[in-house]
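Asker: Protein chains in written order, with our numbering: chain C, 2 to 259; chain P, 2 to 259; chain Z, 2 to 259; chain L, 2 to 259.
Quick reminder that beta carbons are idealized off the backbone N, C-alpha and C, glycines included.
Computed from a predicted model, the values in this text were never measured in an experiment.
Shown below is the structure under consideration.
Number of protein chains: 4
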Amino acid sequence: MAKSKYEYVKQFERDYFLIPNTWLVIRIDGRGFHQFSDRHQFEKPNDRRALDLMNKCAEAVMIEIHDIILAYGQSDEFSFILKKECNLYGRREAKIISTIVSLFTSNYVFHWKKYFPDKELHYPPSFDGRAVQYPSDNNLRDYLSWRQADCHINNLYNTCFWALVHSGKTEAEAENTLRGTSSSDKNELLYSSFNINYNDLPEMYRKGSILIKQEVDFKALNQNEVEVIRKKNVVMITNVDIIRNKFWEEHPELKLSL
Amino acid sequence: MAKSKYEYVKQFERDYFLIPNTWLVIRIDGRGFHQFSDRHQFEKPNDRRALDLMNKCAEAVMIEIHDIILAYGQSDEFSFILKKECNLYGRREAKIISTIVSLFTSNYVFHWKKYFPDKELHYPPSFDGRAVQYPSDNNLRDYLSWRQADCHINNLYNTCFWALVHSGKTEAEAENTLRGTSSSDKNELLYSSFNINYNDLPEMYRKGSILIKQEVDFKALNQNEVEVIRKKNVVMITNVDIIRNKFWEEHPELKLSL
Amino acid sequence: MAKSKYEYVKQFERDYFLIPNTWLVIRIDGRGFHQFSDRHQFEKPNDRRALDLMNKCAEAVMIEIHDIILAYGQSDEFSFILKKECNLYGRREAKIISTIVSLFTSNYVFHWKKYFPDKELHYPPSFDGRAVQYPSDNNLRDYLSWRQADCHINNLYNTCFWALVHSGKTEAEAENTLRGTSSSDKNELLYSSFNINYNDLPEMYRKGSILIKQEVDFKALNQNEVEVIRKKNVVMITNVDIIRNKFWEEHPELKLSL
Amino acid sequence: MAKSKYEYVKQFERDYFLIPNTWLVIRIDGRGFHQFSDRHQFEKPNDRRALDLMNKCAEAVMIEIHDIILAYGQSDEFSFILKKECNLYGRREAKIISTIVSLFTSNYVFHWKKYFPDKELHYPPSFDGRAVQYPSDNNLRDYLSWRQADCHINNLYNTCFWALVHSGKTEAEAENTLRGTSSSDKNELLYSSFNINYNDLPEMYRKGSILIKQEVDFKALNQNEVEVIRKKNVVMITNVDIIRNKFWEEHPELKLSL
């Protein structure tokens, strides 16, 4: 049972190495989450507990993978930004993607009970993932702007759709009502028919979630049992606009040129 | 907040398509499972419950992904074989790898309690994955032989190592005792010092686990409430030799030339 | 002017390695050969000298690159088949493609005068190239059948087109006449209008050119000045059908299963 | 002879698309040019005619491929820089590499006679090529600095080596003399033994050749036969330092940040 005569099969392995000095984005998406959210009766258009669970998973991934400097999430997707200088697994694509997808998934099941204490997890959910390389800071900002604009567009639509459905329309009727409407039509519909001022809805739903690392001070005892100030990285969650410059000006530690 | 001006960033996405008409192997590996098995006090050299959990996860993956015709597992790794004609996700590498890794991980956490009812899961485990393409049936059989020979070599070593440690040696002493020993030296050591006949140990530990799909008959009621025989695929687990021809001769449905 | 501080730029180089144990096809195509053939007044529909020059270049490539076992050419394209076991440049794609394209191009200009002794080369022609991997013998034969069927279809059309043009029609009129015609319509047109029996035309035009290597005996003097028989590889050109089995049965040295 | 049943083989074609918004470098290298230069008795350490021929070929490539903004050559290699926005062949790697290698090779044979009027070309030379992607302007400048530093190091060595050989040493003796010497040792050797001031040697040999495009005015007659000033791009050859900022400051049209 000599292993050596079979080892030539290792020569068929191919690694694709992502280009150095590019921003790496790993985006993961829920597989079949339409059905998953139905089966687990997620609140519509947004289920706060489900979004908090997504954020918890993203935080765990960020703590484990040091090269991630920012994560952006909305609905059942999350994008992780690895810094340009990142040399994680020698920038081997399959290894980076599979590790991040696996960590995220594992945390989702692990932490489910904390976020849905009275709801059983009926079956194991799954995610898929992909990697994208962005050469310039501008490209990266445009990527994040794309995702946040997408969040806004989807959330405005979904808010209208579910308001119509909750008011008694069928899903088909709601779809018909919304077909061809502009953003301002939808804002108007929410206001006039449902007395909802869209801009008053929680920012988490309208903007998605941005996770960044921040250095904080904490008190600890040194070897001589004297209290000292130490520093550690913690993950901060915010739901602000990341399309305009303000956020980036306030976070020079992310080192993106404006 | 027009989404369209940012959508050019999609042009940076690159898909790598695996070559048609090749056997695809997706191999996943536990990340940091040495530490994970210590923390969860797995029995050494083999923890039956942990292996059964791995098999359960692989079974779930096989049921979800129809193109998988066989899976082979040992220790904290599993290899999934997708048939040559498979067109899953248009053979996009990242999508196939990430989906299988995610499904496996999700099931691992989900089913943990069933296999370790009295052991809490202390933290979420994770796996990484890779894809390999094998053009010929011979290449694929050699791949599987490589993994099964590897299983044997590792298990023989681990069986000796833990017998020595359980008998009172330190881990360093056990390593020293085994350095440079041949297979027959190790068999002899087990027999003379510990009265263990290696070949009597469970096949699951010596051969790993092979999962294949089989069509079985089952009784069902048709529209007219008459009992009829229907067919469905179930996953069968076996622990036999897959290096020699016998297994492949007994499974012509796998369509591997001998 | 220390070179070392800049050498990190080598890390940006990426090599794509073609999968082992697959047939490799390198296909090269003339760039802008419609214009090139006009400028150099190639005879239409086929210029024997131009085809002979293509074959001469392919022969030179085959002699230089030992792993090529067969080449197939038609019009301004040539396909080179490298055997499955080929490890040329470690199967690096860019290196293999660029070398073959360069050798072919270089020979085209170098040998031009021999094939067009009374025609000046007005400007340097160029070719592009690509690599394709075929896992099975069947896939490779289907590839070659595809190219030979393409040769037939194009040649039948071009033969009709140029017969019409040479008989006084404009190119637009010839195109109109042929629009929507079947193969048998075209055969009939050639026979009835131009008294051409398509099957009597030279096989080189109808089938393209197949180049293979054959071992031949030759006489040489050994160290003791005694005449001995030695063997060497020479390139043989033929214009036979390679879609049916006959050719492959007659060439078992190519080792393609039937 | 239906072509369609074989057309599935096109599905095996794989295109690798280079990442958008990166500088593309295509570097070509002479294959076996040590032997080629011996066979054609190139002057050592530098043959002016051979270098001029290389430059002529690069110029022809630049004129044909509009996206090339700069080319750098030394010895038997040339690097072509395609601008970041380049969308040539949709950025398909094999197509870009093979086209540039083929054009260069073709011009080399085509223009040989002009540069070596009294020297027959004994056999067709060939080149290979590769593509590299550089995300930032700095990376690109470092690439070019790497090649120019390499030119200097090789030329200093070769100048010493051939001075020693021309003075009567064997090649092995010359190698021994130079083993382990520093740059200043070599400068000193040239000066004291051969009365050569290295810095007085032609810049073309010490710096290599830089080709850029420049817009020039020329006089033409318009439709009304009136003389007008028109603009066209011409290729300029220079041999200056491109490691320091000066060159880049003088060429803002290249749009590299300093």
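#1: I want to see whether chain P comes within less than 8 Å of Ile20(Z), judged by CB atoms only; does it?
#2: With a CB to CB cut of under 7 Å and the five nearest residues on each side skipped, what residues in its chain are close to Ser184(L)?
#3: Exposed or buried, Ser76(L), counting other C-beta atoms within 10 Å across all chains shown (16 or more means buried)?
#4: So, Thr178(L) versus Pro46(L), is the Cβ gap smaller than 8 Å?
#5: Could you have a look at Glu228(C) and say whether DSSP puts it in helix, strand or coil?
#6: Can you find a C-beta in chain A that's less than 8 Å from the C-beta of Pro46(C)?
#7: What residue ranges within the region 77-148 of chain P form continuous beta strand (DSSP E) runs of no fewer than 3 residues, ordered along the chain?
#8: Taking Cβ to Cβ, would you say Ile213(P) is nearer than 8 Å to Leu83(P)?
#9: State buried or exposed for Arg245(Z), treating a residue as buried only when at least 16 other CB atoms are found within 10 Å of its CB.
#10: From which residue to which residue does the beta strand (DSSP E) around Ser210(L) run?
#11: Please identify, using Cβ separations under 9 Å, the residues of the region 115-140 of chain L that lie next to chain Z, in order along the chain.
#12: Quick one: give me the first and last residue of the alpha helix (DSSP H) that Val62(Z) is part of.
#13: Quick check: is the beta carbon of Gln149(L) nearer than 8 Å to any beta carbon in chain P?
#14: Answer yes or no: does any C-beta atom of chain P fall closer than 8 Å to that of Gln36(L)?
#15: Which residue from Glu228(P), Ile211(P), Gly209(P) puts its Cα closest to that of Asp218(P)?
#16: Smallest Cα separation from Ala221(Z): which of Leu165(Z), Lys233(Z), Arg142(Z), Ile211(Z)?
#17: Hey, which unbroken runs of the alpha helix (DSSP H) at 4 residues or more fall wholly within the region 145-200 of chain L?
#18: Would you mind stating whether Asp53(C) and Tyr116(C) have Cβ atoms separated by less than 8 Å?
#19: So which residues of chain Z does Leu104(L) contact, with C-beta pairs closer than 9 Å?
#20: Identify the continuous alpha helix (DSSP H) that holds Gln36(L) and give its terminal residues.
#21: Is Glu251(L) helix, strand or coil when you go by DSSP?
#22: I'd like to know if Arg262(Z) contacts chain C, where contact means its C-beta is closer than 8 Å to some C-beta of that chain.
#23: Name the chain Z residues whose beta carbon is nearer than 7 Å to that of Phe13(C)?
#24: Please state whether DSSP places Lys6(L) in a helix, a strand or coil.
#25: Name the two residues that bound the continuous beta strand (DSSP E) containing Thr75(L).
#26: Are Tyr135(L) and Phe13(Z) touching if we call contact CB-CB under 8 Å?
#27: Can you check whether the C-beta of Ala164(C) is within less than 8 Å of a C-beta belonging to chain P?
#28: What is the C-beta distance between Ile29(L) and Phe128(L), in whole angstroms, given that I count them as a contact (C-beta under 8 Å)?
#29: Quick check on Lys11(L): does DSSP put it in helix, strand or coil?
#30: Pull up the distance between the alpha-carbon of Arg142(C) and that of Asn22(C), whole angstroms please.
#31: Is Arg245(L) helix, strand or coil when you go by DSSP?
#32: How many Å lie between Lys85(L) and Trp24(L) at the Cα?
#33: For Ile101(Z) versus Ile154(Z), is the C-beta distance shorter than 8 Å?
#34: Would you tell me roughly how many angstroms separate the C-alpha atoms of Met55(L) and Asp151(L), rounded to the nearest one?
#35: Leaving out five residues before and five after Asn188(P) in sequence, what residues of the same chain have Cβ atoms less than 6 Å from its Cβ?
Answerer: The structure says:
#1: One-based indexing of the third sequence puts residue 20(Z) at position 19. It does; some Cβ of chain P falls within 8 Å.
#2: Taking the fourth sequence and counting its residues from 1, the one referred to as residue 184(L) is at position 183. Excluding sequence neighbours, Ser184(L) sits near Leu157.
#3: Reading the fourth sequence from its first residue, position 75 is the one you call residue 76(L). Buried, since its Cβ has 16 or more Cβ neighbours within 10 Å.
#4: Within the fourth sequence, residue 178(L) is the residue found at index 177, counting from 1. Within the fourth sequence, residue 46(L) is the residue found at index 45, counting from 1. Pro46(L) sits away from Thr178(L), with the two beta carbons spaced by 8 Å or more.
#5: For this step, residue 228(C) is matched to residue 227 along the first sequence. Glu228(C) sits in a strand when the DSSP states are folded into three classes.
#6: This model lacks chain A altogether, as its protein chains are C, P, Z and L.
#7: Entirely contained in the region 77-148 of chain P, the beta strand (DSSP E) runs reaching 3 residues are, in chain order, 78-83, 128-135.
#8: For the purposes of this step, residue 213(P) is taken as the residue at position 212 of the second sequence. For the purposes of this step, residue 83(P) is taken as the residue at position 82 of the second sequence. Going by C-beta atoms, Ile213(P) is not nearer than 8 Å to Leu83(P).
#9: Looking up residue 245(Z) in the third sequence gives position 244. Counting Cβ neighbours within 10 Å, Arg245(Z) comes out exposed, since fewer than 16 surround it.
#10: Here residue 210(L) refers to the residue found at position 209 of the fourth sequence. Start and end: 210-222.
#11: Within the region 115-140 of chain L, the residues whose Cβ lies closer than 9 Å to some Cβ of chain Z are Leu122, Tyr124, Pro125, Pro126, Ser127, Phe128, Asp129, Gly130, Arg131, Ala132, Val133, Gln134, Tyr135, Pro136, Asn140, listed in chain order.
#12: Residue 62(Z) sits at position 61 when you count from the first residue of the third sequence. For Val62(Z), the uninterrupted alpha helix (DSSP H) segment begins and ends at 49-65.
#13: Position 148 of the fourth sequence, counted from the start, is the residue given in the question as residue 149(L). No, its Cβ sits nowhere closer than 8 Å to a Cβ of chain P.
#14: Here residue 36(L) corresponds to residue number 35 of the fourth sequence, with the count starting at 1. Under the 8 Å criterion on CB atoms, Gln36(L) is classed as non-interfacial with respect to chain P.
#15: As a first step, residue 218(P) is located in the second sequence; it is residue number 217 there, counting from the start. Per the Cα distances, Glu228(P).
#16: In the third sequence, counting from the first residue as 1, residue 221(Z) sits at position 220. The residue with the shortest Cα to Cα distance from Ala221(Z) is Lys233(Z).
#17: The qualifying runs are 172-179, 184-195.
#18: As a working mapping, residue 53(C) is identified with position 52 in the first sequence. As a working mapping, residue 116(C) is identified with position 115 in the first sequence. Result yes, Cβ atoms of Asp53(C) and Tyr116(C) sit closer than 8 Å.
#19: Position 103 of the fourth sequence holds residue 104(L). The CB of Leu104(L) comes closer than 9 Å to the CB of Arg32, Thr106, Pro125, Ser127 in chain Z, given here in chain order.
#20: Reading the fourth sequence from its first residue, position 35 is the one you call residue 36(L). Taken as a continuous stretch (DSSP letters only), the alpha helix (DSSP H) holding Gln36(L) covers 34-40.
#21: Counting from one through the fourth sequence, the residue named residue 251(L) turns up at place 250. If DSSP states are grouped into helix, strand and coil, Glu251(L) belongs with the helices.
#22: It is not possible to answer for residue 262(Z), since the shown part of chain Z is limited to 2 through 259.
#23: By 1-based counting over the first sequence, the position of residue 13(C) is 12. Against chain Z, a Cβ distance below 7 Å from Phe13(C) picks out Ile20, Pro21.
#24: If you number the fourth sequence from 1, residue 6(L) lands on position 5. Lys6(L): helix per DSSP, three-state reduction.
#25: Indexing the fourth sequence from 1 puts residue 75(L) at position 74. Looking at the sequence shown, residue 75(L) is not Thr but Gln. For Gln75(L), the uninterrupted beta strand (DSSP E) run begins and ends at 69-75, by DSSP.
#26: Numbered from 1 along the fourth sequence, position 134 holds the residue referred to as residue 135(L). Numbered from 1 along the third sequence, position 12 holds the residue referred to as residue 13(Z). Going by C-beta atoms, Tyr135(L) is nearer than 8 Å to Phe13(Z).
#27: What you label residue 164(C) is simply residue 163 of the first sequence in a count that begins at 1. At a cut-off of 8 Å, the C-beta of Ala164(C) has no neighbouring C-beta in chain P.
#28: Position 28 of the fourth sequence, counting from 1, holds the residue named residue 29(L). Position 127 of the fourth sequence, counting from 1, holds the residue named residue 128(L). The distance from the Cβ of Ile29(L) to that of Phe128(L) is about 5 Å, consistent with a contact at the 8 Å cut-off.
#29: As a position in the fourth sequence, residue 11(L) is number 10, starting the count at 1. Helix, per DSSP.
#30: Against the first sequence, residue 142(C) aligns to sequence position 141. Against the first sequence, residue 22(C) aligns to sequence position 21. If I take the Cα positions, the gap works out to 16 Å.
#31: For this step, residue 245(L) is matched to residue 244 along the fourth sequence. Three-state DSSP puts Arg245(L) in coil, outside helix and strand.
#32: For the purposes of this step, residue 85(L) is taken as the residue at position 84 of the fourth sequence. For the purposes of this step, residue 24(L) is taken as the residue at position 23 of the fourth sequence. Straight-line Cα distance between these residues: approximately 5 Å.
#33: Taking the third sequence and counting its residues from 1, the one referred to as residue 101(Z) is at position 100. Taking the third sequence and counting its residues from 1, the one referred to as residue 154(Z) is at position 153. Going by C-beta atoms, Ile101(Z) is not nearer than 8 Å to Ile154(Z).
#34: Residue mapping note: residue 55(L) aligns to position 54 of the fourth sequence, counting from 1. Residue mapping note: residue 151(L) aligns to position 150 of the fourth sequence, counting from 1. Taking the straight line joining both Cα atoms gives about 18 Å.
#35: As a position in the second sequence, residue 188(P) is number 187, starting the count at 1. The beta carbon of Asn188(P) sits closer than 6 Å to the beta carbons of Tyr199 from its chain, once the five residues preceding and following it are set aside; these are given in chain order.
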